[in-house]
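Residue numbers (this note's numbering): -18 to 154.
Presented below is the structure to which this report refers.
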């Protein structure tokens, strides 16, 4: 069994959820290589922490929390490096600054959206992430989460409405 450290069973879980973890990593990191490394780190941490999985939540929810925690941890490290990086940008020739600004704008948009999604009630977060960032069909999400299809649709709709409201306040404010 997976909880006893069965590697082949854990590989099945990895294949099932690697897309979910990777898509979150792509939003948090600028390069594919960083996102791939991060995804591997999350699964390694999950494997090492299997004894802490109590089964009170879905495995995907538990795994997502590990990924979220490590993204936050990495971002804190990045923020310490950010001050040095900002000083280096001043010495970069002007012709490369627009692409840097574009990258930062995209990163900021992703960061704002991610933080708003994290504010959603837990019952809205995972269906929204799975549907819009993993491109999973609603029926598959309902099956995976063991929730009725109508409830999934309702959670996504309500979550989107909250996000629209919060997004407009974020942009205006």
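Cβ coordinates follow ideal geometry from the N, Cα and C atoms, glycine included.
Here the structure is a predicted model, which is why all the values come from computation and not from measurement.
Which value, in whole angstroms, describes the spacing of the CA atoms of residue 28 and residue 47?
Sequence index remark: in the chain shown, residue 28 carries index 47 (1-based). Sequence index remark: in the chain shown, residue 47 carries index 66 (1-based). Each residue's alpha carbon lies about 11 Å from the other.
Using a 10 Å radius around the Cβ and a threshold of 16 neighbouring Cβ atoms, would you call residue 20 buried or exposed?
Here the question's residue 20 lines up with position 39 in the chain shown. Residue 20 should be labelled buried.
Within the continuous alpha helix (DSSP H) that includes residue 19, where are the two ends?
As a working note, residue 19 is residue 38 in the chain shown. Residues 13 to 29.
Comparing alpha-carbon positions, which option in 142, 24 and 106 lies nearest residue -8?
Stepping through the chain shown from its first residue, residue -8 is reached at position 11. Per the Cα distances, 24.
Taking the C-alpha atoms as reference points, what is the distance between residue 127 and residue 42?
One-based indexing of the chain shown puts residue 127 at position 146. One-based indexing of the chain shown puts residue 42 at position 61. Taking the straight line joining both Cα atoms gives about 13 Å.
Taking the C-alpha atoms as reference points, what is the distance between residue 94 and residue 15?
Along the chain shown, read from residue 1 onward, the residue named residue 94 stands at position 113. Along the chain shown, read from residue 1 onward, the residue named residue 15 stands at position 34. When rounded, the distance between both Cα atoms is 20 Å.
The alpha helix (DSSP H) spanning residue 104 covers which residue range?
Here residue 104 corresponds to residue number 123 of the chain shown, with the count starting at 1. 103 to 109 is the extent of the alpha helix (DSSP H) around residue 104.
So what does DSSP say about residue 140, is it helix, strand or coil?
For the purposes of this step, residue 140 is taken as the residue at position 159 of the chain shown. In the structure shown, residue 140 sits in a helix (DSSP, three-state: H, G or I).
Secondary structure at residue 10, three-state DSSP: helix, strand or coil?
Residue mapping note: residue 10 aligns to position 29 of the chain shown, counting from 1. Note: residue 10 maps to coil in three-state DSSP.
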